[in-house]
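To start, the structure itself, in structure tokens.
There are 4 protein chains.
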Amino acid sequence: MPGPPNAVRRSERARSAILTATTELIHELPYAKLSIEAIAARAGVGKQTIYRWWPSKGAVVFDAMLEQDSGPDGPGLPDTGDIRADLRLLLRGSIAALTEPGVEGFLRAMYVEIQQDSDLGELYRERLLRPQRTAITRRLEAGIQAGQLRPDLDLELTLDLLVGPIQYRWSLGVGGLDDAYADALLEAVMATAM
Amino acid sequence: MPGPPNAVRRSERARSAILTATTELIHELPYAKLSIEAIAARAGVGKQTIYRWWPSKGAVVFDAMLEQDSGPDGPGLPDTGDIRADLRLLLRGSIAALTEPGVEGFLRAMYVEIQQDSDLGELYRERLLRPQRTAITRRLEAGIQAGQLRPDLDLELTLDLLVGPIQYRWSLGVGGLDDAYADALLEAVMATAM
Amino acid sequence: MPGPPNAVRRSERARSAILTATTELIHELPYAKLSIEAIAARAGVGKQTIYRWWPSKGAVVFDAMLEQDSGPDGPGLPDTGDIRADLRLLLRGSIAALTEPGVEGFLRAMYVEIQQDSDLGELYRERLLRPQRTAITRRLEAGIQAGQLRPDLDLELTLDLLVGPIQYRWSLGVGGLDDAYADALLEAVMATAM
Amino acid sequence: MPGPPNAVRRSERARSAILTATTELIHELPYAKLSIEAIAARAGVGKQTIYRWWPSKGAVVFDAMLEQDSGPDGPGLPDTGDIRADLRLLLRGSIAALTEPGVEGFLRAMYVEIQQDSDLGELYRERLLRPQRTAITRRLEAGIQAGQLRPDLDLELTLDLLVGPIQYRWSLGVGGLDDAYADALLEAVMATAM
DNA sequence: TATTAAACGAGACGGTACGTCGGGTCTTCGG
DNA sequence: CCGAAGACCCGACGTACCGTCTCGTTTAATA
Chain A
1 MPGPPNAVRR
11 SERARSAILT
21 ATTELIHELP
31 YAKLSIEAIA
41 ARAGVGKQTI
51 YRWWPSKGAV
61 VFDAMLEQDS
71 GPDGPGLPDT
81 GDIRADLRLL
91 LRGSIAALTE
101 PGVEGFLRAM
111 YVEIQQDSDL
121 GELYRERLLR
131 PQRTAITRRL
141 EAGIQAGQLR
151 PDLDLELTLD
161 LLVGPIQYRW
171 SLGVGGLDDA
181 YADALLEAVM
191 ATAM
Chain B
1 MPGPPNAVRR
11 SERARSAILT
21 ATTELIHELP
31 YAKLSIEAIA
41 ARAGVGKQTI
51 YRWWPSKGAV
61 VFDAMLEQDS
71 GPDGPGLPDT
81 GDIRADLRLL
91 LRGSIAALTE
101 PGVEGFLRAM
111 YVEIQQDSDL
121 GELYRERLLR
131 PQRTAITRRL
141 EAGIQAGQLR
151 PDLDLELTLD
161 LLVGPIQYRW
171 SLGVGGLDDA
181 YADALLEAVM
191 ATAM
Chain C
1 MPGPPNAVRR
11 SERARSAILT
21 ATTELIHELP
31 YAKLSIEAIA
41 ARAGVGKQTI
51 YRWWPSKGAV
61 VFDAMLEQDS
71 GPDGPGLPDT
81 GDIRADLRLL
91 LRGSIAALTE
101 PGVEGFLRAM
111 YVEIQQDSDL
121 GELYRERLLR
131 PQRTAITRRL
141 EAGIQAGQLR
151 PDLDLELTLD
161 LLVGPIQYRW
171 SLGVGGLDDA
181 YADALLEAVM
191 ATAM
Chain D
1 MPGPPNAVRR
11 SERARSAILT
21 ATTELIHELP
31 YAKLSIEAIA
41 ARAGVGKQTI
51 YRWWPSKGAV
61 VFDAMLEQDS
71 GPDGPGLPDT
81 GDIRADLRLL
91 LRGSIAALTE
101 PGVEGFLRAM
111 YVEIQQDSDL
121 GELYRERLLR
131 PQRTAITRRL
141 EAGIQAGQLR
151 PDLDLELTLD
161 LLVGPIQYRW
171 SLGVGGLDDA
181 YADALLEAVM
191 ATAM
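The structure is reproduced here in structure tokens:
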């Protein structure tokens, strides 16, 4: 019986070669053409070495994405004291990230996998979505402290109002995602939040 | 060179058997396990008959979904004269549809395909998304006429504020999608729209 | 129930187009690539028109071959009065025919089909092989009459000795089939036959 | 690019299962119905495992035939000192082999493939035909040494005279292949050879 | 000459098998 | 024991043809 692999003996060389190969292939191929076999070949690694450490292709892609950065916006969010300016940066930055080729491929891939693999969905929420949401929530709370937002503001809902429309347009390919959209969205949400 | 098939001679029996089989299998299997081969076998049809009329599995699934109904909310939207009540129905109904087993499988499948197939994405937008958005826009315009909404309202943005957060939560599995969420979302948007 | 087709109403145009197309394709393609579909397309004919009049691809090919000539040597055989000269012509002519591109493709095809389809084998024997053998037998009998061959000669066996080695070498690709071989073979057989 | 497979790591279990399955199916089915798919299924093997090691169905069948025995007559030939007796055994044995169900299916299949695949034809000649012909030639040479045959005998031609008529009758289904035919043939050839 | 039943061209259909790709497992060898 | 290599069993892909079955449309015998 194999039992779990011994993480101590894990080859760092293999691990990073796999993630690098995955990143390259995500940028070169449509996601449907990305195969474990291709990753292994590109990384100069046996397939078993991938299967030993990751449960699915989506998990490899997820790790490769994490290796690149810590998500579409990064976990941090500036606090200049001006809530409107900071959120503008957030929304414009989100749109820019979703459009950037280095990121879009990864995110589309994650969208695909999340619809089909609830374990991976949970992982995505814990490792990427929750930190991002927490960071924004923190900034909104600071805005309340600073008297720039209503004290009784529903933070979760405000967050959804800021992020949801952008994700919705992006994921369905609706288009019209530019700075002007970000600004208009921000003004609409600020109108309810002050 | 084969050229395009002659649609006049198409077998209605085969067409509807294929869509019915697809619908059944979408409900029985995880989408990743749905194969053209399985659809053909269940429908009692040769694979070629599927490939003759649809360019991809996603296109078959899309047609099967259309055959079931005309989308998550249907193209129509009530107009009782009370914009708040009508939109409440819309949002609650959207959430209910996204959760209903008969619909969720189809929509997850479409989300998967849209990320990977831009032709299918365009089809989805034209045949499902645009009608839905047009219907809501019409209702908002009527609300403006009735003096229940601000005349200078940005309709597209308002639409995104209503629909985006729900789609966003659903597609990423964030949870918390219930009538209370729908109502809170509606109140927030109405606050900006009146 | 369809019943047998009415041969009177048969389209001569279709019949000859099919046989011509078959002959062309036999010359252009390896036999394994020759399909009924290709024949029908080349002939500008519906597949059903082929299936209506021939039971199998082999039968079409057989008819196409008959249409070209009446076999590798033709049913006739000269009788100059000199049995050795006449048989030399026969053997040299057989080898020439088996090597001629216009004939070889057909004969290889028939060899293939005869191994697998006993009905077609019977047809081949009756329509091609038997006449050929009868013609040679007649000539041998004339040779006996003329006192050039032993009166107690086993005609069937002599025939096999003349024809068998050539067919054997040709069908197995042994090579060495030329006029010199024909002549040597003839001398050997004549030695037993006089 | 895959490159050639590594023969060292080849599974003997799979190899012999494939050849056994092929032998069984050759005996059960007409050759036209024998598919790679059926062989793989019967052998409990993936199709790729067949395609990895053999270039064509004919090549598999050929190897399966070799696995059974070393050809229609076997490479050896007795030398009792009596050339006539030994050749009688050869011819009668050839006819028996060609008629034996366990062999006939294989040989018909090889005849079919050889007409269409020159690589396989070459293989057949090298591995089966040449050894058989060499063995007979050796025996004839011994007969010359023993003074039972003419010293100036054309060995290749004599060989063709012995074997050709039988192969010819068999391959075209002429019939009449029995011990009497073998004996008559032998006497005719011996008449030229002594 | 008009009628009419068939053969015809076209090609969609339910199937079988093709040869290929990739998934996930297993085995062998080297470090 | 991990890792590389890659063979293995398997399921599915998308394609080619099979032989059957409609469809209109000629077309030729007969009424």
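Chains as they are written, first to last, in my numbering: chain A, 1 to 194; chain B, 1 to 194; chain C, 1 to 194; chain D, 1 to 194. Using N, Cα and C, we set each Cβ at its ideal position, and we do this for glycine too.
Can you give the Cα-Cα distance for C:Pro30 and C:Glu24, rounded to whole angstroms? On the third sequence, position 30 is the one that residue 30 of chain C refers to. On the third sequence, position 24 is the one that residue 24 of chain C refers to. For C:Pro30 and C:Glu24, the distance between alpha carbons rounds to 12 angstroms.
With DSSP run on the structure shown, which of helix, strand or coil describes A:Thr134? Reading the first sequence from its first residue, position 134 is the one you call residue 134 of chain A. Of the three classes helix, strand and coil, the one that applies to A:Thr134 here is helix, per DSSP.
Kindly give me the distance between the Cβ atoms of A:Lys57 and A:Ile36, rounded to whole angstroms, as I take these residues to be in contact under 8 angstroms. As a working note, residue 57 of chain A is residue 57 in the first sequence. As a working note, residue 36 of chain A is residue 36 in the first sequence. Sure, about 6 angstroms apart at Cβ, within 8 angstroms.
Select from B:Asp79, B:Leu90, B:Pro101, B:Ala17 the residue whose C-alpha is nearest the C-alpha of B:Thr49. As a position in the second sequence, residue 49 of chain B is number 49, starting the count at 1. Out of B:Asp79, B:Leu90, B:Pro101, B:Ala17, B:Ala17 has the C-alpha closest to the C-alpha of B:Thr49.
Within 8 angstroms, strictly: CB atoms of C:Leu177 and C:Ile114: Taking the third sequence and counting its residues from 1, the one referred to as residue 177 of chain C is at position 177. Taking the third sequence and counting its residues from 1, the one referred to as residue 114 of chain C is at position 114. No, they are not a contact pair.
Taking all protein chains shown into account, decide if D:Ala40 is buried (16 or more other Cβ within 10 angstroms of its Cβ) or exposed. As a working note, residue 40 of chain D is residue 40 in the fourth sequence. It is buried - the Cβ of D:Ala40 has at least 16 other Cβ atoms within 10 Å.
Do B:Ala7 and B:Val45 come within 8 angstroms of each other at the CB atom, strictly closer than that value? The sequence position of residue 45 of chain B within the second sequence is 45, counting from 1. The sequence position of residue 7 of chain B within the second sequence is 7, counting from 1. Their beta carbons are not under 8 angstroms apart, which means B:Val45 does not touch B:Ala7 by this criterion.
Would you say the region 77-87 of chain D touches the region 139-149 of chain D, given that touching needs at least three Cβ pairs under 8 angstroms? yes
C:Asp160 at chain D interface by Cβ criterion, 8 angstroms: In the third sequence, the residue the question calls residue 160 of chain C occupies position 160. Put simply, the CB of C:Asp160 is near chain D, with a gap under 8 angstroms to one of its CB atoms.
Measure from the C-beta of D:Ala180 to each C-beta in chain C and report whether the shortest distance is under 8 angstroms. Working through the fourth sequence from its first residue, we reach residue 180 of chain D at position 180. No, no contact with chain C.
Say yes only if the C-beta of B:Val60 is nearer than 7 angstroms to one or more non-hydrogen atoms of the ligand ZN, and no if none qualify. You won't find the ligand ZN in this model; it holds no ligand whatsoever.
B:Val189, buried or exposed, once every other Cβ within 10 Å from all chains shown has been counted against 16: Numbered from 1 along the second sequence, position 189 holds the residue referred to as residue 189 of chain B. So B:Val189 ends up on the buried side.
List, in chain order, every chain D residue whose beta-carbon is nearer than 8 angstroms to that of C:Gln132. Numbered from its first residue, the third sequence carries residue 132 of chain C at position 132. None at all; the shortest Cβ gap to chain D is about 11 angstroms.
Assuming D:Leu66 contacts D:Trp170 (C-beta within less than 8 angstroms), just tell me the rounded distance between them. Residue numbering aside, residue 66 of chain D sits at position 66 when the fourth sequence is read from its first letter. Residue numbering aside, residue 170 of chain D sits at position 170 when the fourth sequence is read from its first letter. About 20 angstroms; that fails the 8 angstroms criterion.
Would a check of beta-carbon distances place B:Tyr168 closer than 8 angstroms to chain A? Start at 1 with the first residue of the second sequence, and residue 168 of chain B comes out as number 168. Yes, B:Tyr168 counts as interfacial toward chain A.
Could you tell me the boundaries of the alpha helix (DSSP H) in which B:Val61 lies? On the second sequence, residue 61 of chain B is found 61 positions in, with the first residue counted as 1. Where B:Val61 is concerned, the enclosing alpha helix (DSSP H) stretches over 57-68.
Entirely enclosed alpha helix (DSSP H) segments - the region 86-142 of chain D, minimum 4 residues: 101-116, 118-124
Residue closest to A:Ala32, alpha-carbon to alpha-carbon, out of A:Arg139, A:Arg52, A:Arg108, A:Leu19: Translated into the one-based positions of the first sequence, residue 32 of chain A becomes position 32. Nearest option by C-alpha distance: A:Arg108.
Could you tell me the alpha carbon to alpha carbon distance between C:Asp152 and D:Asp154, rounded to whole angstroms? Within the third sequence, the letter at position 152 stands for residue 152 of chain C. Within the fourth sequence, the letter at position 154 stands for residue 154 of chain D. Here the alpha carbon of C:Asp152 sits roughly 26 angstroms from the alpha carbon of D:Asp154.
Own chain residues within Cβ distance below 8 angstroms of B:Asp79, not counting five before or after: The residue labelled residue 79 of chain B in the question sits at position 79 within the second sequence. For B:Asp79, where only same-chain residues beyond five positions count, the Cβ hits under 8 angstroms are Asp86, Arg139, Ala142.
Is the distance from the Cβ of D:Leu201 to the Cβ of C:Leu157 below 8 angstroms? Because chain D spans 1 through 194 in this model, residue 201 of chain D falls outside it and cannot be assessed.
Classify B:Arg150 as helix, strand or coil using the three-state DSSP reduction. Indexing the second sequence from 1 puts residue 150 of chain B at position 150. The answer is coil: DSSP assigns B:Arg150 none of H, G, I, E or B.
Who are the neighbours of B:Arg125 on chain A, taking C-beta pairs under 8 angstroms? Numbered from 1 along the second sequence, position 125 holds the residue referred to as residue 125 of chain B. The contacting residues are Leu172, Gly173, Val174.
Quick one: what does DSSP say D:Asp160 is sitting in, helix, strand or coil? Within the fourth sequence, the letter at position 160 stands for residue 160 of chain D. D:Asp160 falls in the helix class under three-state DSSP.
When the distance is taken between beta carbons, is A:Gly102 closer than 8 angstroms to B:Tyr168? Within the second sequence, the letter at position 168 stands for residue 168 of chain B. Within the first sequence, the letter at position 102 stands for residue 102 of chain A. Cβ atoms of B:Tyr168 and A:Gly102: not closer than 8 angstroms.
Where the region 23-34 of chain C meets chain D: residues whose CB sits under 9 angstroms from a CB there: Pro30, Tyr31, Ala32
Does any residue of chain B have a CB that is nearer than 8 angstroms to the CB of A:Thr220? An answer regarding residue 220 of chain A cannot be provided, because it is not within the stretch 1 to 194 covered by chain A.
Near A:Thr22, which residues of its chain fall below 7 angstroms by C-beta distance, leaving aside the five closest residues on each side in sequence? Within the first sequence, the letter at position 22 stands for residue 22 of chain A. Closer than 7 angstroms at Cβ, skipping near neighbours: Ile39, Val60, Val61, Ala64.
Where C:Arg42 sits in the DSSP three-state scheme: Numbered from its first residue, the third sequence carries residue 42 of chain C at position 42. Helix.
Return the chain-ordered list of same chain residues with a C-beta closer than 8 angstroms to the C-beta of D:Leu159, the five sequence neighbours on each side being excluded. As a first step, residue 159 of chain D must be located in the fourth sequence, where it is residue number 159. For D:Leu159, same chain residues with a beta-carbon under 8 angstroms away, outside a window of 5 residues either side, are Arg133, Ile136, Thr137, Leu140 in chain order.
Inspect the beta-carbon positions of B:Leu91 and B:Ile166 and report whether they are closer than 8 angstroms. Locating residue 91 of chain B in the second sequence gives position 91, counting from the first residue. Locating residue 166 of chain B in the second sequence gives position 166, counting from the first residue. In contact: B:Leu91 and B:Ile166 (Cβ atoms closer than 8 angstroms).
Residue nearest to A:Ala180 in terms of C-alpha spacing, selected from A:Gly93, A:Gly121, A:Arg130, A:Met110: Stepping through the first sequence from its first residue, residue 180 of chain A is reached at position 180. Residue A:Gly93 is the option with its Cα nearest to A:Ala180.
Can you tell me which of the three DSSP states B:Pro165 falls into? Position 165 of the second sequence holds residue 165 of chain B. The answer is helix: DSSP assigns B:Pro165 an H, G or I state.
For C:Thr80, which three-state DSSP category applies? Position 80 of the third sequence, counted from the start, is the residue given in the question as residue 80 of chain C. Three-state DSSP puts C:Thr80 in coil, outside helix and strand.
Quick one: does C:Gly164 have its CB under 8 angstroms from some CB of chain D? In the third sequence, counting from the first residue as 1, residue 164 of chain C sits at position 164. With 8 angstroms as the cut-off, C:Gly164 counts as an interface residue toward chain D.
Which class does D:Leu29 belong to by DSSP, given the choice of helix, strand or coil? Residue mapping note: residue 29 of chain D aligns to position 29 of the fourth sequence, counting from 1. Correct three-state label for D:Leu29: coil.
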